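**Q** Numbering (the working numbering), first residue to last: 357 to 470.
Have a look at the structure that comes next, please.
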Amino acid sequence: MSKDKPNCKATVLGAGCWRSRRCSRYAVKDGYCNQHHPNTIAAKDAASKAKQDAWSRKFILKRDVHHGDQDFTDAFRSYMDGCQDSAEAWDKVLDTWKALESSRAALEKVSNDE
Ligand SMILES: [Zn+2]
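This is the structure we're talking about:
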């Protein structure tokens, strides 16, 4: 006795966009084809979320580096200009430099992970 393989039970958008149709692939697991199985969909969502997260992390780090660079430049400029309390101004230069370096290192690490 031969029995037709059941089709995937997922609905997909048809060519007309406003009309949906049943997926025409054979069901291979839990009534879904490989592409529409909930596990595959979940894995795809997780992958795209991870990619988006990585992108926004990098964006924030880039912004940190940019701001750190400005802070350092400002601190260095006021150290060079000022002279009222140069020790404090120099501390600020060192602090902003350290912050900039750590932002740069974090950004480099994220870029290397890609
Ligand atoms: Zn399917």
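Beta carbons: idealized from backbone N, C-alpha and C, even for Gly.
Note that the structure is predicted; figures quoted are calculated from it, not measured.
Go ahead and pull the three-state DSSP assignment for residue 395.
**A** Of the three classes helix, strand and coil, the one that applies to residue 395 here is helix, per DSSP.
**Q** For residue 466, name the three-state secondary structure that DSSP assigns.
**A** The answer is helix: DSSP assigns residue 466 an H, G or I state.
**Q** Can you tell me whether residue 366 sits near ligand 1, meaning its C-beta is under 7 Å from at least one heavy atom of the ligand?
**A** Under cutoff, so the answer is yes.
**Q** Taking only heavy atoms of ligand 1 into account, decide whether any of them is closer than 7 Å to the Cβ of residue 375.
**A** It does not: the Cβ of residue 375 is nowhere closer than 7 Å to a heavy atom of ligand 1.
**Q** May I ask you to verify whether the region 427–435 touches the region 443–451, counting CB pairs closer than 8 Å and requiring at least 3?
**A** With the cut-off at 8 Å, the region 427–435 and the region 443–451 touch.
**Q** Can you tell me whether residue 337 is buried or exposed, with buried defined as 16 or more other CB within 10 angstroms of its CB?
**A** Because the chain spans 357 through 470 in this model, residue 337 falls outside it and cannot be assessed.
**Q** If residue 367 sits next to residue 378, beta carbons under 8 Å apart, how far is it from one beta carbon to the other, in whole angstroms?
**A** That pair is a contact at about 6 Å.
**Q** For ligand 1, any of its heavy atoms closer than 7 Å to the Cβ of residue 413?
**A** No, since every heavy atom of ligand 1 falls outside the 7 Å radius drawn around the Cβ of residue 413.
**Q** Buried or exposed: which applies to residue 382, given that a residue is buried once 16 or more other Cβ atoms fall within 10 Å of its Cβ?
**A** Answer is exposed; the Cβ neighbour count stays below 16.
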